[in-house]
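*Asks:* Numbered continuously in UniProt numbering, the sequence shown closes out at residue 298. This is the structure I want to talk about, given as structure tokens.
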Amino acid sequence: MTLASVAAAERFVDLAGLLESCEIGGFRADFVSWGHYRPEYWRNYWHSHSFHEVCLAYAGAGRFNSGTTQYDVGAGDVFLARPGDVHEIESSRSEPLGIAFWGFTFRPVSGGSGSGWWSGLTRSDGPVVSRRLGGLPAAVAALAAEAAAPRSGYRESLASFGAALVLDTARAFAQDEDLSVEPIVRDRGPVVVEAMQRHLLDNLARPVTVREVAAAVHLSERHAERLFRQGTGASMMSTLRRLRLELAAQLLLDPAATVTEVARACGYSDVRPFSTAFRRHHGKPPTAFRQTGGTSFL
């Protein structure tokens, strides 16, 4: 999303009464104001709030006075007045300032100690102007779109987008050291193996090849088979046979299903090879297995 999407988000103001609060990472945000100013000359005089007020400029230029410091702001800037900050905003007359703005209280409800993304809101010594927009334009546009035409699930959707708005607001004003995390070591292998196993389970009734499974996880056949063996200790096709025969044992416990139906449900087009494979795996043919209820003793 770009600043153009923010310019088009005039229905942002319709969030009043729709999105009142959200919780994120041990904090609660209660929204108190929503606004969208077209690029026309305007000025709000010196004042302060008991909440955080955030402005995202999408067009034009202006000045943001915070305390004794004056900041020149323009399209692509996001600027913040923390609770108690005396501030003033004035649009340029020649290049009127267009903004979307939102106000919210921010307090911990559980956890939230130490430093982190939230420090952009909880630290009083942080910056008040930033160009680190992150996902703010997308969040503003998504919220405006949802407010313009609420549908079933709008409360959950708005709460989710509202949490994203608060998170990216805080990130925009946080210190770099507060945003840093320990390097994340990603091992894609187990995730890929799990995806291949899921593919096998989802397709037990139809013909399956290593090529098909490898394509499902976007790997070569050789690489997919190697990862699968490393992760499970067995080949892909032997695992497929085992899963089919384990399913067959469950299905045979239903007296309404014929052996032929069970065979087909487990990927066997003919009863004979199914019966042979079943006997090798379970120690008795399907009919005997059914008669004993799947147990070895009567």
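Glycine included, C-beta positions come from ideal geometry on N, C-alpha and C. All values reported here derive from a predicted model rather than from experimental measurement.
1) Do F104 and A139 have their beta-carbon atoms positioned less than 7 Å apart in this structure?
2) Express the C-alpha separation of F228 and I184 in angstroms, rounding to a whole number.
3) Look at the alpha carbon of L19 and the alpha carbon of W46, and state the distance between them as a whole number of angstroms.
4) Note down, in chain order, each residue of its chain lying with its Cβ closer than 7 Å to the Cβ of V193, except the 5 sequence neighbours on either side.
5) Examine the Cβ distances between the region 165-179 and the region 122-136 and report whether three or more of them are shorter than 8 Å.
6) Evaluate V213 with the Cβ neighbour count: other Cβ atoms within 10 Å of its Cβ, from every protein chain shown; 16 or more gives buried, anything less gives exposed.
7) List the DSSP bridge partners of G62.
8) How long is the line joining the alpha carbons of T276 and V217, rounded to whole angstroms?
9) Would a C-beta distance cut-off of 7 Å place P137 and V6 closer than the cut-off?
10) What number of angstroms, rounded off, separates the C-alpha of S115 from the C-alpha of T122?
11) What is the rounded straight-line gap between the Cα of H281 and the Cα of A265?
12) By alpha-carbon positions, which one of V13, T68, V259 and A234 ends up nearest to A142?
13) Between which two residues does the beta strand (DSSP E) containing L80 stretch?
14) Here's a check: name, in chain order, each residue in its chain whose Cβ is nearer than 8 Å to the Cβ of V32, leaving out the five neighbours to either side.
15) According to the neighbour-count rule (16 or more other Cβ atoms, all chains shown, within 10 Å of its Cβ), is V78 buried or exposed?
16) Tell me the DSSP bridge mates of V54?
17) Less than 7 Å between CB atoms is the rule here; does G25 satisfy it with respect to chain C?
18) Rounded to the nearest angstrom, how far is the Cβ of G35 from that of A57, given a contact under 8 Å?
19) What are the complete beta strand (DSSP E) segments, minimum 3 residues, inside the UniProt domain "HTH araC/xylS-type" (194-292)?
20) Please report the residue range of the beta strand (DSSP E) in which E23 lies.
21) What is the DSSP secondary structure of Y41, reduced to helix, strand or coil?
22) By alpha-carbon positions, which one of R82, A59 and R211 ends up nearest to N65?
23) Could you give the residue range of the alpha helix (DSSP H) that holds A9?
24) At which residues does the alpha helix (DSSP H) containing P137 begin and terminate?
25) Give the DSSP-derived three-state secondary structure of D30 in the structure shown.
26) Quick check on G35: does DSSP put it in helix, strand or coil?
27) Less than 7 Å between the C-beta atoms of A249 and V262, yes or no?
28) Are there 16 or more other CB atoms within 10 angstroms of the CB of A4, so buried, or fewer, so exposed?
29) Specify the secondary structure class of R186 as computed by DSSP and reduced to three states.
30) Can you give the beta carbon distance from G76 to R131, rounded, assuming they're within the 8 Å contact cut?
31) Contact check, L97 vs G67 under 8 Å by CB: the rounded distance?
*Replies:* Straight from the coordinates:
1) By 1-based counting over the sequence shown, the position of residue 139 is 139. By 1-based counting over the sequence shown, the position of residue 104 is 104. No, the pair does not count as a contact, with Cβ atoms beyond the cut-off.
2) Numbered from its first residue, the sequence shown carries residue 184 at position 184. Numbered from its first residue, the sequence shown carries residue 228 at position 228. About 24 Å.
3) If you number the sequence shown from 1, residue 19 lands on position 19. If you number the sequence shown from 1, residue 46 lands on position 46. Answer to the nearest angstrom: the Cα atoms are 28 Å apart.
4) Mapped onto the sequence shown, residue 193 falls at position 193. Hits under 7 Å: L227, F228, G231 and T232.
5) yes
6) Counted from its first residue, the sequence shown places residue 213 at position 213. V213 is buried by the Cβ-count criterion.
7) What you label residue 62 is simply residue 62 of the sequence shown in a count that begins at 1. Paired residue(s): V73 and S91.
8) For the purposes of this step, residue 276 is taken as residue 276 along the sequence shown, with counting starting at 1. For the purposes of this step, residue 217 is taken as residue 217 along the sequence shown, with counting starting at 1. Each residue's Cα considered, the two are about 32 Å apart.
9) Here residue 137 corresponds to residue number 137 of the sequence shown, with the count starting at 1. Here residue 6 corresponds to residue number 6 of the sequence shown, with the count starting at 1. Against a cut-off of 7 Å, the Cβ pair of V6 and P137 comes out as a contact.
10) The count along the sequence shown starts at 1 and reaches residue 115 at position 115. The count along the sequence shown starts at 1 and reaches residue 122 at position 122. Those two C-alpha atoms are separated by around 9 Å.
11) The count along the sequence shown starts at 1 and reaches residue 281 at position 281. The count along the sequence shown starts at 1 and reaches residue 265 at position 265. Their backbone Cα atoms lie some 17 Å apart in a straight line.
12) As a first step, residue 142 is located in the sequence shown; it is residue number 142 there, counting from the start. Nearest of V13, T68, V259 and A234 to A142, Cα basis: V13.
13) Along the sequence shown, read from residue 1 onward, the residue named residue 80 stands at position 80. V78 to A81 is the span of the beta strand (DSSP E), which, as asked, contains L80.
14) Numbered from 1 along the sequence shown, position 32 holds the residue referred to as residue 32. Closer than 8 Å at Cβ, skipping near neighbours: F51, G103, F104 and T105.
15) Within the sequence shown, numbered from 1, the residue matching residue 78 stands at position 78. Buried is the call here.
16) Reading the sequence shown from its first residue, position 54 is the one you call residue 54. Partner(s): L80 and W102.
17) In the structure shown, chain C does not exist; there is a single protein chain.
18) What you label residue 35 is simply residue 35 of the sequence shown in a count that begins at 1. What you label residue 57 is simply residue 57 of the sequence shown in a count that begins at 1. Not confirmed; about 13 Å, so no contact.
19) none
20) As a first step, residue 23 must be located in the sequence shown, where it is residue number 23. Unbroken beta strand (DSSP E) run through E23: S21 to I24.
21) Residue mapping note: residue 41 aligns to position 41 of the sequence shown, counting from 1. Correct three-state label for Y41: coil.
22) Residue 65 sits at position 65 when you count from the first residue of the sequence shown. Among R82, A59 and R211, the Cα nearest to that of N65 is on R82.
23) For this step, residue 9 is matched to residue 9 along the sequence shown. Element bounds for A9: n/a, residue is neither H nor E.
24) Taking the sequence shown and counting its residues from 1, one reaches residue 137 at position 137. First-last of the alpha helix (DSSP H) with P137: L136 to A148.
25) Translated into the one-based positions of the sequence shown, residue 30 becomes position 30. Note: D30 maps to strand in three-state DSSP.
26) For the purposes of this step, residue 35 is taken as residue 35 along the sequence shown, with counting starting at 1. It is a strand residue.
27) As a first step, residue 249 must be located in the sequence shown, where it is residue number 249. As a first step, residue 262 must be located in the sequence shown, where it is residue number 262. Not closer than 7 Å, so no.
28) Here residue 4 is taken as the residue at index 4 of the sequence shown, counted from 1. When all chains shown are included, A4 counts as exposed.
29) Locating residue 186 in the sequence shown gives position 186, where the first residue counts as 1. Here R186 sits in coil by DSSP.
30) In the sequence shown, the residue the question calls residue 76 occupies position 76. In the sequence shown, the residue the question calls residue 131 occupies position 131. Right, the Cβ-Cβ distance comes to about 6 Å (below 8 Å), so this counts as a contact.
31) The residue you call residue 97 lines up with position 97 of the sequence shown. The residue you call residue 67 lines up with position 67 of the sequence shown. No, L97 and G67 are not in contact; Cβ-Cβ is about 20 Å, not under 8 Å.
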